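FYI, the working numbering numbers position 58 of the sequence shown as 135, with every residue one higher than the one before it.
To start, the structure under review is shown below, and the notes come after it.
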Amino acid sequence: MARTKMVLAGEGGQGVQSVAKILVEAGYEAGKQVLYIPNFGVEQRGGVSIAFCQIADEKIGEPRFAKGDIVIMLSDRAIDRCDTYVDENAIVVYDTSVCTKKPECKCKKIIGIDANRIANEQLSARVFNIIILGVLIAATNVLEVSDIKNAMELALGKKFDAKPELRELNYKALEMGMNMIKDKVGA
78 MARTKMVLAG EGGQGVQSVA KILVEAGYEA GKQVLYIPNF GVEQRGGVSI AFCQIADEKI
138 GEPRFAKGDI VIMLSDRAID RCDTYVDENA IVVYDTSVCT KKPECKCKKI IGIDANRIAN
198 EQLSARVFNI IILGVLIAAT NVLEVSDIKN AMELALGKKF DAKPELRELN YKALEMGMNM
258 IKDKVGA
């Protein structure tokens, strides 16, 4: 792996920035080079929130990138804003249970998942973003699951210690996200 460029976009409050922080923390702890640039919409909550992440084995020479290797779109407005980051080599993932339309872009593959519905019906709305983290990890193979779990412990450990059932819930969400996409990413 030279460098993996990821774009995560959703509505403010969906946890896009939290996912990005856990992702780059996991990469850093795994000894990778990481870069994270948050981009918030006009409104802090309710606007489109975009996270640009890079994870690489070697030094990252440029902080910004024009096209992502994987672009996650979690709302209709995110679809509208993020097609500019997609090219023919990108994988696009969108949430069919939130988005009312499908992304229309020329890319390697468009994958629909229903993460929000599964979070609400089978787990908890609070772990929707962790399902997305699992999707991202399985789609890119950029980090080991153990790296992600260690970063989750760093980010959420105090909450896990206060309510141990949250650890199990978040780990289950991570696994569900990984299972949701692992058979869909092949070329």
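Note that beta-carbon positions come from the ideal geometry of N, C-alpha and C, so glycine has one too.
Just so we're clear, the structure is a prediction, and the values are computed from it rather than from any experiment.
### Message
Could you check whether the Cβ of P140 sits closer than 7 Å to any Cβ belonging to chain B?
### Response
This model lacks chain B altogether, as it is built from one protein chain only.
### Query
Looking at the unbroken beta strand (DSSP E) that takes in F129, where does it start and where does it end?
If you number the sequence shown from 1, residue 129 lands on position 52. Its beta strand (DSSP E) spans residues V125 to A133.
### Query
Could you give the distance in angstroms between the alpha-carbon of K178 and the alpha-carbon of I149?
The count along the sequence shown starts at 1 and reaches residue 178 at position 101. The count along the sequence shown starts at 1 and reaches residue 149 at position 72. If you take the alpha carbons of K178 and I149, they lie about 14 Å apart.
### Backbone CA spacing between R203 and R194 [nearest angstrom]
Taking the sequence shown and counting its residues from 1, the one referred to as residue 203 is at position 126. Taking the sequence shown and counting its residues from 1, the one referred to as residue 194 is at position 117. Take the alpha-carbon of R203 and the one of R194: they are about 12 Å apart.
### Task
Using 10 angstroms around the beta-carbon of R80, count the other beta-carbons present and answer buried if the total reaches 16, otherwise exposed.
As a first step, residue 80 must be located in the sequence shown, where it is residue number 3. Burial call: buried.
### Task
Using a threshold of 7 Å, state whether the C-beta atoms of A192 and I258 are closer than that.
Along the sequence shown, one-based indexing puts residue 192 at 115. Along the sequence shown, one-based indexing puts residue 258 at 181. Their beta carbons are not under 7 Å apart, which means A192 does not touch I258 by this criterion.
### Message
Taking DSSP's pairing of strands, which residues face Q110 in a bridge?
### Response
Numbered from its first residue, the sequence shown carries residue 110 at position 33. Bridge partners of Q110: A133.
### Message
With a threshold of 8 Å on Cβ separation, who are the neighbours of E221 within its own chain once the five nearest residues in sequence on each side are excluded?
### Response
Looking up residue 221 in the sequence shown gives position 144. Answer for E221: A107, listed in chain order.
### Task
Flag this pair as yes or no: are the beta carbons of A97 and C130 separated by less than 7 Å?
The count along the sequence shown starts at 1 and reaches residue 97 at position 20. The count along the sequence shown starts at 1 and reaches residue 130 at position 53. Their beta carbons are under 7 Å apart, which means A97 touches C130 by this criterion.
### Task
Would you kindly work out how many angstroms separate the C-alpha atoms of A103 and N206, rounded to a whole number?
To locate residue 103, count along the sequence shown from 1; it is residue 26. To locate residue 206, count along the sequence shown from 1; it is residue 129. Those two C-alpha atoms are separated by around 16 Å.
### C-alpha gap between V93 and A239, whole angstroms
As a working note, residue 93 is residue 16 in the sequence shown. As a working note, residue 239 is residue 162 in the sequence shown. Taking the straight line from one Cα to the other gives about 24 Å.
### Message
Quick check on the DSSP output: the beta strand (DSSP E) that includes Y171 runs from which residue to which?
### Response
Position 94 of the sequence shown, counted from the first residue, corresponds to residue 171. I168 to D172 is the extent of the beta strand (DSSP E) around Y171.
### Task
Check the DSSP bridge columns for G87 and list the partner residues they point to.
Along the sequence shown, read from residue 1 onward, the residue named residue 87 stands at position 10. G87 pairs with S126.
### Query
Going straight from the alpha carbon of K82 to that of K144, what length do you get?
Start at 1 with the first residue of the sequence shown, and residue 82 comes out as number 5. Start at 1 with the first residue of the sequence shown, and residue 144 comes out as number 67. Distance between the alpha carbons of K82 and K144 is about 8 Å.
### Task
Under 8 Å by Cβ, that's how I've got G254 and I187 pegged, so tell me the actual separation to the nearest angstrom.
Taking the first residue of the sequence shown as 1, we reach residue 254 at position 177. Taking the first residue of the sequence shown as 1, we reach residue 187 at position 110. Not quite, the Cβ-Cβ distance comes to about 18 Å (not below 8 Å), so this is no contact.
### Query
How big is the Cα-Cα spacing for P180 and V170?
Taking the first residue of the sequence shown as 1, we reach residue 180 at position 103. Taking the first residue of the sequence shown as 1, we reach residue 170 at position 93. Spanning the two alpha carbons is a distance of roughly 9 Å.
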